[in-house]
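A.B. asks: So that we are looking at the same thing, I have put the structure below in structure tokens.
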Amino acid sequence: MKKVIGFIVVLLCGVQTAYAANSPSMTIEKVKVWGSGFVVVSVAYESGGDIVSTCGNHNEWEISGSDADGMQRLYSLLLTAYTTGKKVGFWYDTGDCGVGGSQRSTVGWLAE
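Residue numbers (the working numbering): 83 to 194.
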């Protein structure tokens with residue numbers, strides 16, 4: 083748990099100036115793990131929330147990273163939020179579209 087909190091704190095410190103957008107609160111509906119090492123998360127936004135983007139699927143976010151330990155911590159956070167029904171949020175920079183029209187370039191996640 084200390085590692086997850088530390089990971090979130092590091093993300094909070096590094097993202098505030100580099101990325102301008104925060105997501106609305108949402109719940110996780112699915113977590114898909116691809117063999118190539120990236121994760122696609124399906125989310126349900128709270129009433130009135132959505133992300134404006136040119137990608138076709140606003141409810142899916144693709145996550146990839148070069149740090150295997152960081153990806154494991156993130157995967158753990160996502161599964162914990164999924165199984166407990168906790169709301170999540172994240173910081174993002176809309177970039178290219180990912181697999182299946184998903185959003186890409188999520189930066190950091192936070193369990194609320």
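Even glycine gets a Cβ: it sits at the ideal position worked out from N, Cα and C.
How is the beta strand (DSSP E) around residue 124 delimited, first residue to last?
C.D. replies: Start at 1 with the first residue of the sequence shown, and residue 124 comes out as number 42. Note, residue 124: beta strand (DSSP E), 121-127.
A.B. asks: I'd like the span of the alpha helix (DSSP H) that includes residue 151, first residue to last.
C.D. replies: Working through the sequence shown from its first residue, we reach residue 151 at position 69. Taken as a continuous stretch (DSSP letters only), the alpha helix (DSSP H) holding residue 151 covers 150-166.
A.B. asks: Roughly how many whole angstroms lie between the Cα atoms of residue 158 and residue 151?
C.D. replies: For this step, residue 158 is matched to residue 76 along the sequence shown. For this step, residue 151 is matched to residue 69 along the sequence shown. Near 11 Å, if we compare the C-alpha coordinates of residue 151 and residue 158.
A.B. asks: I need the DSSP call for residue 182, collapsed to helix, strand or coil.
C.D. replies: Counting from one through the sequence shown, the residue named residue 182 turns up at place 100. Here residue 182 sits in helix by DSSP.
A.B. asks: Just how far apart, CA to CA, sit residue 118 and residue 128?
C.D. replies: Start at 1 with the first residue of the sequence shown, and residue 118 comes out as number 36. Start at 1 with the first residue of the sequence shown, and residue 128 comes out as number 46. Rounded to the nearest angstrom, the two C-alpha atoms are 31 Å apart.
A.B. asks: Please identify the residue among 169, 142 and 167 whose C-alpha is closest to the C-alpha of residue 115.
C.D. replies: Counting from 1 along the sequence shown, the entry for residue 115 is found at position 33. It is 142.
A.B. asks: Would residue 156 be called buried (16 or more neighbouring beta carbons within 10 Å of its own) or exposed?
C.D. replies: Taking the sequence shown and counting its residues from 1, the one referred to as residue 156 is at position 74. Residue 156 should be labelled buried.
A.B. asks: So, at 8 Å on beta carbons, what are the nonlocal neighbours of residue 161 in its own chain, with the 5 sequence-adjacent residues on each side left out?
C.D. replies: Residue 161 sits at position 79 when you count from the first residue of the sequence shown. Result list for residue 161: 113, in chain order.
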